[in-house]
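Chemist: Submitted below is the structure of interest, expressed as C-alpha cells.
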Amino acid sequence: MKKAFIILTILISIMAISCQRSKTYKDKLQVHHEHLEPQHLNIKNYSKALFSIDTANFAEGLKAMQDEFPIFLEGDLDNVNAVNFIKEFATDTFCVRVNDLAEKRFSDISNLSKDIKSVYQRFSYYYPEIRVPYDTYLYISGIDYEMPAVMIQEGGILVSLDFYLGNEDKIYDYIGMPRYRSTRCQPSYITRDIAESLYHTYVNKRQYQKDVLTEMIKAGKQLYFIEALNPSLPDSILLGYSEKQMNWAEQYEGDVWASIIGNQMLYAKGAEIFRSLFGDAPFTQAFSNESPARLGEYIGLQIIRSYMNNNDVSLQEMLNDNDTHRIFQASQYKPRKS
C-alpha cells in the first residue's frame with residue numbers, strides 16, 4: 396500500500412512538471428490584473444470641450460476649461476496671439492470636420508475606457524515600480540503627421556482620435572495618406588498604440604541597428620510586449636496587417652524563412668535588406684504583391700513566441716536579455732511550412 400502511494404505521488408509530480416513545461420506563451424499572458432491601478436480611469440475629451448466653445452467669447456471659454464485641461468492650456472490665456480492661434484484651429488473647416496467625425500465615431504467610449512484601463516492595469520502588473528500618469532486625454536490634432544497618435548507626458552496620456560476614424564468617408568484619402576497606412580486608422584488600434592507608447596517610454600532600451608537577426612528579435616520583443624498588454628488582440632491588428640495579408644504571412648512563413656536563410660540574410664547589415672524586411676510599404680516586393688510589408692517583424696514575433704513557449708522566463712527577463720543569439724538558439728524556432 397505504501398509502495399503504491401509513493402508511485403502515485405511520483406506520477407502526480409511528473410504530470411505537474413509536464414503541465415508546467417507545456418504552458419504556452421498564451422497561458423503566460425493570462426495574469427490577474429483587475430485589482431491593480433488604476434481602479435478608476437479618468438478619461439477627458441479635450442476636443443469635445445474645445446469645439447463647443449462659443450466663438451464670440453472664445454478667450455473666456457478657454458479660461459473656463461483651463462483647470463480641467465492644463466496639459467493643453469498651460470500657457471497665458473491673456474495673450475491675444477495664443478488665444479487666436481487656438482481659435483483658428485477650432486474654427487478651421489477641416490478641423491471642424493475631423494472633430495465631427497470623431498464625435499460621431501466615439502460618441503460612447505465606455506468600452507474603450509474599459510479596454511484602456513485593462514492595458515494600464517496589465518502594465519502595472521509587470522512594472523509595479525513605475526509611476527505612470529494614467530489620466531487620459533482624447534483630442535484631435537488635425538491629422539498632424541508630425542505628431543504621434545499617442546503621447547505620454549508628465550500630466551497624462553494623450554490619444555489623438557483623428558488617427559482612429561476609419562476611412563468610410565475617405566478623410567485619409569483626402570489628405571493623401573497611403574492606403575496601407577490608413578487601413579490601420581481604426582478604433583481597434585488605440586489600445587495597441589497605447590501599449591506601444593508605454594513600451595517606448597518606459598521599457599525599450601535603445602539598441603543600434605546590427606544585423607537582421609538582431610532587428611527581428613528587437614521587433615519581436617516589442618510586439619510581444621504589446622500583446623502582453625492586449626492578449627485578446629488579433630495578430631492582424633498587432634502587426635498592422637489586413638486579414639488577407641495575415642493569411643499570406645501565416646501560409647508562407649516557412650518560405651520567407653527559407654529565403655532569409657538561403658540568401659544568407661540572417662546576419663546581413665545592408666540598408667536595402669533592412670528596407671525589404673522592416674520598411675513600411677504596401678507589400679514586400681521580393682515575395683509577392685499579396686504579401687505584407689515588415690515580414691522581419693512577423694518572423695521576429697514568431698521567434699519570441701517560440702522562445703517563451705520553450706523557456707521558463709518572465710516577460711521582464713526576456714525583454715532584459717540582450718543576448719540575441721542565445722535567445723534565437725533557445726527559441727527552437729521552427730517555421731510553418733506552406
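Each position in the sequence shown, counted from 1, maps to that position plus 395 in the numbering used here. Beta carbons are placed, not taken as given, at the ideal position from N, Cα and C, and that holds for glycine. What you are looking at is a predicted structure, and each value in this text was computed from that prediction instead of being measured.
1. Does DSSP classify Q535 as helix, strand or coil?
2. Could you pull out every residue in the same chain whose Cβ sits closer than 6 Å to the Cβ of I694, ignoring the five residues on either side in sequence?
3. Taking only three categories from DSSP, how would you classify R416?
4. Is L553 helix, strand or coil when you go by DSSP?
5. Could you spell out the range, first to last residue, of the alpha helix (DSSP H) harbouring N642?
6. Enumerated in chain order, which unbroken segments of the alpha helix (DSSP H) with a length of 4 residues or greater are wholly contained in the stretch 646-692?
7. Hey, which unbroken runs of the beta strand (DSSP E) at 3 residues or more fall wholly within the stretch 423-499?
8. Tell me, which residues are paired with M703 by DSSP?
9. If you pair each beta-carbon of the stretch 432-440 with each one of the stretch 512-530, do three or more pairs fall below 8 Å?
10. Apart from the five residues just before and just after V554, which ones in its own chain have a Cβ nearer than 6 Å to its Cβ?
11. Less than 6 Å separating the Cβ of P677 from some heavy atom of the ligand MN?
12. Between the Cα of R574 and those of L472, R517 and Y636, spot the shortest distance and give me the residue it belongs to.
13. Taking all protein chains shown into account, do 16 or more other C-beta atoms lie within 10 angstroms of the C-beta of Q640, making it buried, or fewer, making it exposed?
14. Terminal residues of the continuous alpha helix (DSSP H) containing I566?
15. For the putative contact between V514 and A590, defined by C-beta atoms under 8 Å, what is the C-beta separation to the nearest angstrom?
Modeler: Taking the structure as given:
1. Here the question's residue 535 lines up with position 140 in the sequence shown. Correcting the residue identity first, residue 535 is Ile in this sequence and not Gln. Three-state DSSP puts I535 in coil, outside helix and strand.
2. By one-based count along the sequence shown, residue 694 stands at place 299. These residues qualify, in order along the chain: M611.
3. Position 21 of the sequence shown, counted from the start, is the residue given in the question as residue 416. At R416, the pLDDT of 48 sits below 50, so the modelled position is not reliable and the matter cannot be decided from this model.
4. Here residue 553 refers to the residue found at position 158 of the sequence shown. Of the three classes helix, strand and coil, the one that applies to L553 here is strand, per DSSP.
5. Counting from 1 along the sequence shown, the entry for residue 642 is found at position 247. Looking at the DSSP string, the run of the alpha helix (DSSP H) that includes N642 is E638 to Q646.
6. 648-657 and 666-673
7. 438-440
8. Taking the first residue of the sequence shown as 1, we reach residue 703 at position 308. DSSP lists no bridge partner for M703.
9. yes
10. Here residue 554 is taken as the residue at index 159 of the sequence shown, counted from 1. Within the same chain, V554 has close Cβ partners L533 and V545.
11. Looking at this structure, you won't find the ligand MN or any other ligand, since it has none at all.
12. Locating residue 574 in the sequence shown gives position 179, where the first residue counts as 1. Checked all of L472, R517 and Y636; the closest Cα to R574 is Y636.
13. As a first step, residue 640 must be located in the sequence shown, where it is residue number 245. Classification for Q640: buried.
14. The residue labelled residue 566 in the question sits at position 171 within the sequence shown. Counting along the chain, the alpha helix (DSSP H) containing I566 begins and ends at I566 to Y569.
15. As a first step, residue 514 must be located in the sequence shown, where it is residue number 119. As a first step, residue 590 must be located in the sequence shown, where it is residue number 195. 6 Å between Cβ atoms; contact.
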